[in-house]
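Notes to accompany the following structure.
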Amino acid sequence: MAGSDKPQDTAKTDLEDMELNGMVYVATVRSPIARGKILSIIPPVLPPGYRIILPQDIPGENHIVSFGTEVPILASGSVSYLGEPLALIAGPDSVRAASFAAAVQIDYEAEEPLLNWESFSSGQVLAKRVAVVGDPDLAFSIARQALESTFTTGSIEHYYSEPQGALACFDYDKFAIWCATQWPYHVRDSVALVLGCKASEVAVRPTRLGVHLDGKLWYPSLLACHAALAAYLCRRPAKILLQRREDFLYTPKRASSSISLRAAVDPNGRLSAIDARIAVNVGAYGPLAEETLSQICLAATGVYSCPNVRIEGYAVTTNTPPMGAFGGLGAGQAFFAIESEAARLAQFLGEDPLDWKSRNVLKKGSRLITGEVLKDDTKYDEIASKLALASDYRRKYACYELVRKRRTDRYDGPMRGIGFSFAYQSAGVFFSGGDSNVYTVEASLDKDLHLVIKTSAAASSESVRRIWCETASAAVDIPPESVSIAPPDTDRSPNSGPLTLSRGITVINRLVERVCTAIQKKRFRDPLPLTARAVYRLPKPVRWEEGHVSGQPLEGAAWGGAVVEVELDPWTLEIRPVGVWICADGGRIVAPARAEASLRVAAASAVSLCLRERLPAESEHISDESFFEYGILGANELPPIHVELLQGDKRDESKGIGELPFNTVPAAFLAALSQAAGMAFHTIPVQPADLAAPAAEAAGGDAK
Amino acid sequence: MTISFILNGEDVTVGIRSGDRLAPILRHHFGLLGVQTDCLHGVCGRCLIFLNGSLVPSCMVPAFRARGGEIITIEGFSQTEEYRDIVDGFRQAGLETCGFCETGKILAAAALLEKRPRPVPEEILVAFSSVSCRCSDPDLLVKGVQAAAELRAGRLYRRARQ
């Protein structure tokens with residue numbers, strides 16, 4: 002792709018490899034303060050060919066819109082986080098452009114940044130959710146036992162395959178954008194808004210996406226706008242590609258959360274009340290605040306049937322980079338809290354968590370907090386028994402519990418624990434509703450019996466593309482090699498919505514099947530070529546209003562569980578994961594081997610979150626030091642990961658299961674570690690240093 | 028200063044500055060796009076190359092260290108039969124990568140198979156610790172390298188019999 006005038010098919014090209022003749026490179030001038038006013042921006046003397054781009058140079062609007070929230074393209078007047086883009090320097094040499102950007106003089110008036118989010122002022126609340134079901138106060142007053150805990154999760158780096166970036170240039174009558182994005186139509190609409198042109202005048206051609214873990218949902222739109230501005234103003238192709246360090250320091254991370262749970266059980270040991278107070282740090286602007294909060298609040302009661310519930314959730318803005326999605330849009334944090342609380346409750350009642358959960362889990366016909374009835378079976382008993390059998394859970398749990406109770410010295414070995422958790426993954430819908438819940442796929446069958454599928458969903462995995470091909474092949478009854486997927490170009494492919502929450506399987510694959518079935522029905526009636534479209538709309542959106550929530554959030558959800566076993570070294574306090582077992586109900590599974598592989602990949606990342614990945618607290622800004630220290634677990638540090646799938650029959654719908662490990666593994670890990678160490682933990686990751694103080698205390702030393 | 032070395036079997040000469048690292052020189056001067064400049068601190072494994080037979084992250088190697096040496100990048104390695112063994116082995120096992128880390132994974136497998144023609148799973152997983160990426164299933168990494176080892180052994184056996 003080096004040195005051409007126009008890129009060709011780019012769906013399998015890395016943005017880093019794309020170079021166009023006469024291209025300018027874009028460097029970002031960033032805010033040196035987290036909060037305050039920018040008084041002036043004075044660039045150094047720039048040589049010919051270089052220029053600075055300021056907010057006043059923007060021909061259209063100076064913001065993009067994500068889920069109804071505006072995020073500035075270039076901050077003008079006031080800034081909201083350290084490293085926020087203030088201006089751009091474009092020029093023919095990337096290194097010189099970056100050095101000019103670093104030399105820009107910025108005069109500012111700094112204000113004390115708002116970094117607290119666990120306790121916050123009303124002015125920091127961007128979104129609020131309240132729902133009350135039954136009479137929680139009465140239920141707590143007559144409860145047999147009540148347990149209260151606060152669980153926290155920190156921000157996490159996505160560690161995606163390629164840093165964020167975009168390339169823009171004029172392409173005849175279009176303005177073309179290349180970038181690795183989960184949501185090409187969002188990029189298109191954002192660029193059109195910023196350039197002040199029609200959306201149809203912008204064409205987005207996604208490049209290779211790689212692993213993204215939802216880190217490329219909306220942020221590529223911001224960088225695409227930067228590249229588009231430079232290309233528009235310089236009248237040359239323009240590329241912005243963040244360095245890994247810059248990406249680490251200034252791009253969105255997973256939203257931190259603090260979930261205080263109070264749970265009560267009745268005299269029969271059944272869950273009688275849950276009171277959840279949730280605070281989520283959505284960072285500056287909070288572009289995913291509404292959606293993240295909805296997902297967390299709906300998952301706050303987990304997989305349990307509970308007649309009395311109070312949920313109060315707040316999305317809190319702070320002066321940190323915008324925070325949001327990570328392997329889902331918040332449900333993982335909620336499951337971590339409720340499943341950890343459930344494990345504690347069961348232990349408190351002296352029951353095996355597997356049995357306690359079996360009595361309390363949602364079943365077909367159970368009433369949800371939305372008032373709707375659960376239509377599908379969760380298959381809890383089947384999943385739990387498979388996991389128990391594979392991991393020898395029951396025997397190990399009983400043994401480790403016995404050892405824990407009889408241990409006189411907390412750090413007297415052996416120190417082993419095993420934990421179990423159960424969760425769901427919703428069927429790829431946005432609970433905030435809106436246009437994001439309308440998806441379209443098109444397919445054409447030509448005279449040579451070659452089928453082309455058109456979708457804007459830029460699947461990051463070859464497996465997903467193959468699944469679409471196999472689904473289409475089966476529906477139209479042609480060989481899989483006669484099916485191809487058109488490059489996901491917004492000019493040629495319909496809007497299939499953002500590719501997140503396993504929508505590649507839950508939504509797009511169903512649409513592929515529907516559109517191909519429609520073609521098959523017409524195939525021997527109408528002359529070829531044939532073209533058909535299938536559109537999916539969320540049937541009943543979830544609504545939050547005046548203290549209650551309505552809708553059907555669990556329609557088509559996938560259910561799954563995880564068992565994690567850990568061992569603690571009594572001398573070094575090193576935490577060694579012994580094994581991970583995952584079992585999921587994926588409905589009709591088109592490619593079982595690929596589904597198992599994707600679960601193992603996600604489980605590996607989930608274990609890495611439990612043991613290794615930690616960013617500084619929001620009160621300390623992410624520094625270069627954290628960049629060099631941050632890392633994921635290597636392949637040799639992972640425990641064996643066993644996966645088992647419940648295969649549905651041909652009439653079942655395929656379900657998204659790729660994010661289930663993020664919803665199940667952390668709580669199972671925490672339960673296992675708590676059992677091994679003989680004390681309760683409330684956050685992940687847990688590292689040997691976190692155990693040192695309690696260990697010193699147990700040994701009779703001074704913990705300080 | 029000017030240095031000369033063998034790059035993918037050809038004698039080359041390039042002017043460098045004292046602080047230059049190898050990765051940008053290979054990528055930008057020689058246009059070898061398989062050498063990626065990602066983390067730039069020797070962790071991600073996307074700039075791995077063979078330098079005098081050793082697998083090294085080229086972003087961490089001062090460019091002058093290449094003087095008089097021999098470098099093989101993924102572009103050069105892809106012309107070999109060993110490359111074909113590894114790619115076919117990965118495919119047989121159903122191993123998929125995100126595409127970005129493929130260079131590192133192929134070269135890490137090649138370096139391992141050169142030292143240990145029949146590696147055990149633990150050795151395979153340790154070999155891939157030089158490539159940091161969230162994309163691959165550890166089980167399939169093991170199966171992929173074991174399949175590659177079989178193909179390599181079969182090829183070497185056939186060659187020895189000829």
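From first to last, the protein sequence lines are chains W and Y. 2 is the number of the first residue of the first sequence in my numbering; add one for each residue after it. 28 is the number of the first residue of the second sequence in my numbering; add one for each residue after it. C-beta: ideal position from N, C-alpha, C; glycine also.
Considering only C-alpha positions, which residue in the set the options is nearest to residue i?
{"i": "S259(W)", "options": "I576(W), P207(W), R395(W) and F121(W)", "result": "F121(W)"}
{"i": "V513(W)", "options": "P530(W), V536(W), E112(W) and D527(W)", "result": "V536(W)"}
{"i": "A176(Y)", "options": "C160(Y), R188(Y), S163(Y) and I133(Y)", "result": "I133(Y)"}
{"i": "I34(W)", "options": "V442(W), D174(W) and A111(W)", "result": "A111(W)"}
{"i": "M87(Y)", "options": "V153(Y), F117(Y), P51(Y) and S159(Y)", "result": "P51(Y)"}
{"i": "T501(W)", "options": "I143(W), E119(W) and S461(W)", "result": "S461(W)"}
{"i": "G552(W)", "options": "K376(W), F152(W) and R255(W)", "result": "K376(W)"}
{"i": "D166(Y)", "options": "L647(W), S655(W) and E638(W)", "result": "E638(W)"}
{"i": "A563(W)", "options": "S156(W), S624(W) and F336(W)", "result": "F336(W)"}
{"i": "A558(W)", "options": "I658(W), H549(W) and G679(W)", "result": "I658(W)"}
{"i": "I90(W)", "options": "T70(W), R534(W), S483(W) and V27(W)", "result": "V27(W)"}
{"i": "D650(W)", "options": "G587(W), E71(W), L224(W) and G635(W)", "result": "G587(W)"}
{"i": "V565(W)", "options": "A389(W), V516(W) and R652(W)", "result": "A389(W)"}
{"i": "I113(Y)", "options": "V172(Y), E129(Y), N79(Y) and G131(Y)", "result": "V172(Y)"}
{"i": "T518(W)", "options": "I506(W), T532(W) and T507(W)", "result": "T532(W)"}
{"i": "P322(W)", "options": "S359(W), G351(W), V283(W) and A605(W)", "result": "V283(W)"}
{"i": "A98(W)", "options": "I54(W), G61(W) and D248(W)", "result": "I54(W)"}
{"i": "T464(W)", "options": "A475(W), I454(W) and G505(W)", "result": "Residue identity check: residue 464(W) is Ser in the sequence provided, not Thr. Looking at the Cα atoms, G505(W) is the closest of the given residues."}
Looking at the C-beta of residue i, does it have a partner C-beta in chain Y at a distance below 9 Å?
{"i": "V602(W)", "result": "yes"}
{"i": "G333(W)", "result": "no"}
{"i": "V27(W)", "result": "no"}
{"i": "A636(W)", "result": "yes"}
{"i": "E17(W)", "result": "yes"}
{"i": "R209(W)", "result": "yes"}
{"i": "V564(W)", "result": "no"}
{"i": "Y160(W)", "result": "yes"}
{"i": "A3(W)", "result": "With a pLDDT of 46 at A3(W), under the threshold of 50, the predicted position of this residue should be treated as unreliable, and no value is reported."}
{"i": "K406(W)", "result": "no"}
{"i": "P164(W)", "result": "yes"}
{"i": "K212(W)", "result": "Correcting the residue type first, residue 212(W) is Val in the shown sequence and not Lys. It does; some Cβ of chain Y falls within 9 Å."}
{"i": "I53(W)", "result": "no"}
{"i": "L148(W)", "result": "no"}
{"i": "A704(W)", "result": "At A704(W), the pLDDT of 39 sits below 50, so the modelled position is not reliable; the number obtained from the coordinates is stated separately. Judged by the 9 Å Cβ criterion, A704(W) is not in contact with chain Y."}
{"i": "I642(W)", "result": "yes"}
Kindly say whether residue i, judged by its beta-carbon, lies nearer than 9 Å to any beta-carbon of chain W.
{"i": "P89(Y)", "result": "no"}
{"i": "L162(Y)", "result": "In the sequence on display, residue 162(Y) carries Cys and not Leu. Chain W contact via Cβ: present."}
{"i": "S159(Y)", "result": "yes"}
{"i": "L152(Y)", "result": "yes"}
{"i": "S156(Y)", "result": "yes"}
{"i": "E102(Y)", "result": "no"}
I'd like to know if residue i contacts chain A, where contact means its C-beta is closer than 9 Å to some C-beta of that chain.
{"i": "I685(W)", "result": "Absent here is chain A; the protein component of the structure consists of chains W and Y."}
Could I get the ranges of all uninterrupted alpha helix (DSSP H) runs contained in the stretch 52-95 of chain W, with 4 residues as the minimum, in chain order? none
Which runs of the beta strand (DSSP E) fall wholly inside the stretch 254-313 of chain W and span at least 3 residues, in chain order? 257-266 and 272-282
With a floor of 4 residues, list each alpha helix (DSSP H) that falls wholly inside the stretch 372-449 of chain W, ordered by position along the chain. Correct list: 381-392 and 394-407.
Could you run through the stretch 117-146 of chain Y and flag, in chain order, every residue whose CB is less than 8 Å away from some CB of chain W? G121, E123, C125, G126, F127 and C128
Quick one: which unbroken alpha helix (DSSP H) runs of 4-plus residues sit fully inside the stretch 170-229 of chain W? Chain order, please. 185-196
Given a limit of 9 Å on CB to CB distance, which residues of the stretch 320-331 of chain W reach chain Y? none
Please name the residues in the stretch 50-71 of chain Y whose beta-carbon is closer than 8 Å to at least one beta-carbon of chain W, in chain order. G58, L60, Q63, T64, D65, C66, L67, H68, V70 and C71
Inside the stretch 456-509 of chain W only - beta strand (DSSP E) runs reaching at least 3 residues: 484-486
Cβ pair count under 8 Å reaching 3, the stretch 676-695 of chain W against the stretch 441-450 of chain W: Inter-segment contact for the stretch 676-695 of chain W and the stretch 441-450 of chain W is absent: fewer than three beta-carbon pairs are separated by less than 8 Å.
Under 8 Å, with one C-beta from each stretch per pair, do the stretch 166-184 of chain W and the stretch 260-267 of chain W reach the 3-pair mark? no
Contact between the stretch 199-213 of chain W and the stretch 520-528 of chain W (3+ Cβ pairs under 8 Å): With a cut-off of 8 Å, the stretch 520-528 of chain W and the stretch 199-213 of chain W do not count as touching, because too few Cβ pairs lie within range.
Entirely enclosed alpha helix (DSSP H) segments - the stretch 84-111 of chain Y, minimum 4 residues: Counting only runs of 4 or more, we get 101-104.
So does the stretch 218-229 of chain W actually touch the stretch 99-116 of chain W, counting three or more Cβ pairs closer than 8 Å? In this structure the stretch 218-229 of chain W does not touch the stretch 99-116 of chain W; the number of beta carbon pairs closer than 8 Å is below three.
With 9 Å as the C-beta to C-beta threshold (strictly closer), list the residues of the stretch 439-463 of chain W near chain Y in chain order. S461, S462 and E463
Mind checking the stretch 166-187 of chain Y against chain W and listing, in chain order, the residues whose C-beta falls within less than 7 Å of any C-beta there? D166, L167 and L168
Could you please tell me which residues of the stretch 76-88 of chain Y, in chain order, have their CB closer than 7 Å to any CB of chain W? none
Please list the segments of the beta strand (DSSP E) lying wholly inside the stretch 117-175 of chain Y, counting only runs of 3 or more residues, in order along the chain. none
What are the residues of the stretch 614-633 of chain W that lie near chain Y, defined by any Cβ-Cβ distance shorter than 8 Å? F629, G632 and I633
Contact between the stretch 681-689 of chain W and the stretch 56-65 of chain Y is defined here as three or more beta-carbon pairs at a separation below 8 Å; is this criterion met? no
Decide yes or no for the touch test of the stretch 356-370 of chain W against the stretch 292-307 of chain W: beta carbon pairs closer than 8 Å, at least 3 of them. yes
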